[in-house]
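Residue numbers (my numbering), protein chains in the order written: chain A, 1 to 266; chain B, 267 to 573.
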Amino acid sequence: MIELKHVDKVYSNGFKALSDVNLKIEDGEFVSIIGLSGAGKSTLVRCINRLNDVQAGEIIIDGVDIATLKGKALRVQRRNIGMIFQSFNLVKRSNVITNVLAGRVGYHSTFETIFGIYSKEEKLLALQSLDKFGILDKAYVRANHLSGGQQQRVALARALTQEPHLILADEPVASLDPATTIAVMNDFTRINRMGITIIANMHHVDLAKKYSSRIIGIKAGQIVFDGRPDEVTDEVTMKIYGRALNKNETLGNIDDIEPVTEDAHE
Amino acid sequence: MKQFLEALKKPFLDIHDYFVGDTRGIKSYADPISAYQARPRRWIMNLIFLATFIGVFIFMSWQIDILSFGDRPINWEYTGRIFRTFFTWDGDFWAYFFGFSEADGGWTGGVLYNILITFAITFIATLIAFFIAIPFGILASHRIFGKWAYISEIFLILIRTIPEILLALFLIRLSGYHVLTAIIALAFHSIGMIGKLYADQIDGVDFGPMEALESSGGNKFQQIRYGLLPQVMPNFISVGLYRLDINIRTGTMLGLIIQQDAGIGWNVLLHFSYGKYQQLGADTLGIILLIVLVDLFSSFLRKVVTK
Chain A
1 MIELKHVDKV YSNGFKALSD VNLKIEDGEF VSIIGLSGAG KSTLVRCINR LNDVQAGEII
61 IDGVDIATLK GKALRVQRRN IGMIFQSFNL VKRSNVITNV LAGRVGYHST FETIFGIYSK
121 EEKLLALQSL DKFGILDKAY VRANHLSGGQ QQRVALARAL TQEPHLILAD EPVASLDPAT
181 TIAVMNDFTR INRMGITIIA NMHHVDLAKK YSSRIIGIKA GQIVFDGRPD EVTDEVTMKI
241 YGRALNKNET LGNIDDIEPV TEDAHE
Chain B
267 MKQFLEALKK PFLDIHDYFV GDTRGIKSYA DPISAYQARP RRWIMNLIFL ATFIGVFIFM
327 SWQIDILSFG DRPINWEYTG RIFRTFFTWD GDFWAYFFGF SEADGGWTGG VLYNILITFA
387 ITFIATLIAF FIAIPFGILA SHRIFGKWAY ISEIFLILIR TIPEILLALF LIRLSGYHVL
447 TAIIALAFHS IGMIGKLYAD QIDGVDFGPM EALESSGGNK FQQIRYGLLP QVMPNFISVG
507 LYRLDINIRT GTMLGLIIQQ DAGIGWNVLL HFSYGKYQQL GADTLGIILL IVLVDLFSSF
567 LRKVVTK
């Protein structure tokens, strides 16, 4: 269970990104965070694993207040939290399996990491993760030879290899085309069904409504909506975005989009 | 014929796949276990490389007879005496440093004057190279000029093959023992180095603005002037400042061979030859101060322009 209590975040330039955020997320939820650019979506997600420090408040994950942790204790907590980025953040020159095994570094000492030694079990775990997303055949290919959708799946496999309780996703599909977007979102749903909590930033409101079990609307660093997807009405989006939805904040008719499994140019 | 070639290539590809893995992604694995069994043995390859490096290291060390160094006895007493003189920062030391010591040639023989000369030589040489290298750097950009870029690129390679010190030695026979000789030698070599770095900077830049100018009827020069230079100028200045850092170090060396009036290097050679170790200490302090100041100045300026 994740609990945020009175979380404040002020950037060094004085910009108040989050003010008095209170939040309670149960295990196994699929939470989408929506809001305008600059509203504090990314900041909120990045505060949960302390990629951003917070100035005040508590962030309690499975009973541990992560907001005050430092050094090793923080890293031990972090290895239970996977993270997915908009631009994948893979090492493009390394092969896929090396990228996926990078999810295990939290379980190793610095000395072991120097020589890049992973156990057979870990290698098998990494390959199983790749298999779950249908990219096992690409295990020994360099990451930059893969398409965007495949790279995001490698990132998903990397997060899954951490054996996390929670996966954070910062705009995971913002740089993918609609068909790949649907495929990757389906992958997220599958991860969620394994019992892993997911907290994702979403740019497209209709994607958030279709895939998540709970939606949080954020505006100027404050939570202005928290509820089920079917409660997100035009009135609610009016409150979050300050206006009716633009065309570019929806993907169109999602159910008409055929998800791709193999990318066309491969 | 094609099949024959394929058969010829196969053992090499098998070796590649064994050591580096199926980087082309053409194999497919039934399950994670079989994928695990097909994993590349990179550590064997790394071990072979490591063994080769160690072998080469040992062979070369043996060939150039590194260990014979131990045959020469070290005179600790003598070394210690030099060391103490080197760091005797008394009145004589500072008098020579600031150019008040008539025995050491007065103001023009002092450290302060000579490091200023060294700075002037390197600054002028770098500034000349900074501007002359711009057209050559642009001409050497493969993304703008395609295969024509080879002409300028090869030219730049040729002029940077000769080390500055060697070039200065040759130039002494042309222009004599004069500061200008040092400036030409430094600038010439710098053009080759800076030009190459300019071309690299250009090739890493966004070509969209140039395309926009092309689409509105601009010629190549106009595209470069308005679409490219504003983008790369901060990078160029950064490259120039980096070169200044390097040239200031080489510039002190040039004084060694250009002799009088060519900066601090000559003082160093003179005092080393005549065993004047206190003055040598002052020279060294001057050189260190100069390099530190120039480094601080250039990194400050680099931050300002690339912000």
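By construction, the Cβ of each residue, glycine as well, lies at the ideal position given by its N, Cα and C atoms.
Which residues, taken in chain order from the stretch 289-308 of chain B, show a beta carbon closer than 8 Å to some beta carbon of chain A? Thr289, Arg290, Gly291, Lys293, Ser294, Tyr295, Asp297, Pro298, Ile299, Ala301, Tyr302, Ala304, Arg305, Pro306
Give, in chain order, every residue of the stretch 276-289 of chain B whose Cβ lies closer than 7 Å to some Cβ of chain A. Gly287, Asp288, Thr289
Please list, in chain order, the chain B residues whose beta carbon lies closer than 9 Å to that of Tyr241/A. One-based indexing of the first sequence puts residue 241/A at position 241. Within chain B, no residue comes near Tyr241/A; the closest Cβ sits about 30 Å away, beyond 9 Å.
For Asp122/A, the nearest candidate out of Thr110/A, Leu160/A, Gly82/A (CA to CA): Counted from its first residue, the first sequence places residue 122/A at position 122. According to the sequence provided, residue 122/A is Glu. The question's Asp does not apply to it. Comparing Cα-Cα distances from Glu122/A to each of Thr110/A, Leu160/A, Gly82/A, the minimum goes to Leu160/A.
Can you give me, in chain order, the residues of the stretch 134-151 of chain A that have a beta carbon less than 9 Å from any beta carbon in chain B? Leu136, Asp137, Lys138, Ala139, Tyr140, Val141, Arg142, His145, Leu146
When you compare only the Cα positions, how much space is there between His408/B and Tyr416/B? Along the second sequence, one-based indexing puts residue 408/B at 142. Along the second sequence, one-based indexing puts residue 416/B at 150. Taking the straight line from one Cα to the other gives about 8 Å.
C-beta contact flag for Ala548/B and Tyr362/B at 8 Å: Numbered from 1 along the second sequence, position 282 holds the residue referred to as residue 548/B. Numbered from 1 along the second sequence, position 96 holds the residue referred to as residue 362/B. Taking 8 Å as the Cβ cut-off, Ala548/B and Tyr362/B qualify as a contacting pair.
May I have a chain-ordered list of the beta strand (DSSP E) segments no shorter than 3 residues that lie completely inside the stretch 130-177 of chain A? 166-169
In whole angstroms, what is the alpha-carbon distance linking Val7/A and Ile66/A? Within the first sequence, the letter at position 7 stands for residue 7/A. Within the first sequence, the letter at position 66 stands for residue 66/A. Between Val7/A and Ile66/A, the C-alpha separation is close to 12 Å.
Closest Cβ-Cβ distance between Asp187/A and chain B: below 8 Å? In the first sequence, the residue the question calls residue 187/A occupies position 187. Taking Cβ atoms only, chain B never reaches closer than 8 Å to Asp187/A, which makes this a no.
Closer than 8 Å to chain B by CB, Lys123/A: Sequence index remark: in the first sequence, residue 123/A carries index 123 (1-based). Chain B contact via Cβ: present.
Alpha carbon to alpha carbon, how far is Ile299/B from Arg491/B? Give it in angstroms, no decimals. Working through the second sequence from its first residue, we reach residue 491/B at position 225. Working through the second sequence from its first residue, we reach residue 299/B at position 33. Whole-angstrom Cα-Cα distance: 59 Å.
Following the continuous alpha helix (DSSP H) through Gln467/B, name the residue where it begins and the one where it ends. Stepping through the second sequence from its first residue, residue 467/B is reached at position 201. Start and end: 445-469.
Chain B within 8 Å of Leu101/A, Cβ atoms only: Within the first sequence, residue 101/A is the residue found at index 101, counting from 1. Leu101/A does not count as touching chain B.
I'd like the list of long-range same chain contacts for Lys16/A, defined as Cβ closer than 8 Å, with 5 residues on each side in sequence excluded. Translated into positions along the first sequence, residue 16/A becomes position 16. Excluding sequence neighbours, Lys16/A sits near Asp8, Lys9, Val10, Gly221.
Under 8 Å between C-beta atoms, does Asn95/A make it to chain B? One-based indexing of the first sequence puts residue 95/A at position 95. True, the Cβ-Cβ gap to chain B drops below 8 Å.
What's the C-alpha gap between Ala301/B and Arg290/B? Within the second sequence, the letter at position 35 stands for residue 301/B. Within the second sequence, the letter at position 24 stands for residue 290/B. For Ala301/B and Arg290/B, the distance between alpha carbons rounds to 15 Å.
Could you pull out every residue in the same chain whose Cβ sits closer than 8 Å to the Cβ of Arg93/A, ignoring the five residues on either side in sequence? Position 93 of the first sequence, counted from the first residue, corresponds to residue 93/A. So the qualifying residues of the chain are Arg142, Ala143, Asn144.
For Ile223/A, the three-state DSSP class (helix, strand or coil): For the purposes of this step, residue 223/A is taken as the residue at position 223 of the first sequence. It is a strand residue.
With the cut-off set at 8 Å, would you say Phe88/A and Gln162/A are in Cβ contact? Within the first sequence, the letter at position 88 stands for residue 88/A. Within the first sequence, the letter at position 162 stands for residue 162/A. No. Outside cutoff.
If you run the structure through DSSP and keep just helix, strand and coil, what is Asn49/A? Position 49 of the first sequence, counted from the start, is the residue given in the question as residue 49/A. The answer is coil: DSSP assigns Asn49/A none of H, G, I, E or B.
Along the chain, where does the alpha helix (DSSP H) containing Ile575/B start, and where does it finish? In the structure as shown, chain B starts at 267 and stops at 573, and residue 575/B therefore has no counterpart that could be examined.
Is the beta carbon of Ala126/A sitting closer than 8 Å to the one on Ile97/A? The residue you call residue 126/A lines up with position 126 of the first sequence. The residue you call residue 97/A lines up with position 97 of the first sequence. Contact: yes.
Count Cβ pairs between the stretch 553-564 of chain B and the stretch 416-427 of chain B that sit closer than 8 Å; are there 3 or more? no
Could you please tell me which residues of the stretch 104-131 of chain A, in chain order, have their CB closer than 7 Å to any CB of chain B? Lys123, Leu124, Leu127, Gln128, Asp131
Report buried or exposed for Ile25/A, applying the criterion of at least 16 other Cβ atoms within 10 angstroms of its Cβ. What you label residue 25/A is simply residue 25 of the first sequence in a count that begins at 1. Its Cβ being crowded by 16 or more others within 10 Å, Ile25/A is buried.
Excluding the 5 residues preceding and the 5 following Thr351/B in the sequence, name in chain order all residues of the same chain whose CB lies nearer than 8 Å to its CB. Translated into positions along the second sequence, residue 351/B becomes position 85. Same-chain partners within the cutoff: Tyr543, Gln544, Gly547.
With Lys209/A as the anchor, note down where its alpha helix (DSSP H) starts and where it stops. Walking along the first sequence from the start, residue 209/A turns up at place 209. From DSSP, the alpha helix (DSSP H) with Lys209/A extends over 205-211.
Please tell me whether Ser37/A has its Cβ less than 8 Å away from any Cβ of chain C. Checking the listed chains, one finds no chain C in this structure; the protein chains it contains are A and B.
How big is the Cα-Cα spacing for Gln128/A and His203/A? As a position in the first sequence, residue 128/A is number 128, starting the count at 1. As a position in the first sequence, residue 203/A is number 203, starting the count at 1. Those two C-alpha atoms are separated by around 30 Å.
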